[in-house]
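In the working numbering, the protein residues as written are 3 to 197.
Beta carbons: idealized from backbone N, C-alpha and C, even for Gly.
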């Protein structure tokens, strides 16, 4: 799977070795890291005081990585609004999210989110590999399957209007229609016959 792994830049200085081990573990477990920018920022203060253009570029790169990822893995032991935003954005885009934290550093707010695609997992150095392996295995099971199909222009126009008015992606609207249909008695019977 393609994994977007990141953490708060504030935590990199104190925990660089541990965070780099997580990065290496993702590769060791047969997955692909999409970004390593955190480990290549020489000057934390310079990064935070960068130009507007640099900040926009960083934001766009983060959003692009979330969209490309099969799973988003965040190390959230250092509390961070940025990590909260990335977590929320990934879930909003239907991506499985693994929020790792060390003992005593649980992300209080994230633990209140009820979403089967979110795993908040505590780890230690000695349990890290097993926890990450199990988390990635679970994430693979709850990943959405991409389904492309052709539609006539009139339906595309309708979906565009719905998307703008309801402020939801077209796929969310279509998924809701299908889920509603699946709740009907005759459809439940059909599903039962084929399971």
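Is the segment 58–78 touching the segment 94–103, taking contact as three or more C-beta pairs under 8 Å? yes
Determine, using beta carbons only, whether residue 179 comes closer than 8 Å to chain C. Of the chains in the structure shown, none is chain C; there is only one protein chain.
Looking at the structure shown, is residue 78 part of a helix, part of a strand, or coil, going by DSSP? coil
Across which residues does DSSP place residue 6 in a beta bridge pair? 74
With distances taken between CB atoms, is the gap from residue 14 to residue 31 smaller than 8 Å? no
Check residue 129 in the structure and name its three-state DSSP category. coil
Look up residue 93 in the DSSP assignment and say whether it is helix, strand or coil. helix
Buried or exposed: which applies to residue 219, given that a residue is buried once 16 or more other Cβ atoms fall within 10 Å of its Cβ? Coverage of the chain is limited to positions 3 through 197, which leaves residue 219 absent and any answer about it impossible.
Going by the CB atoms, is the gap between residue 20 and residue 127 shorter than 8 Å? yes
Taking the alpha carbon of residue 61 as the reference point, which residue from 147, 91, 195 and 18 has its own alpha carbon closest? 91
CA-to-CA distance, residue 183 to residue 157, given in whole angstroms: 19 Å
How big is the Cα-Cα spacing for residue 119 and residue 139? 12 Å
My guess is that residue 24 and residue 130 are in contact by the Cβ rule of under 8 Å, so how many angstroms apart are they, rounded? 7 Å
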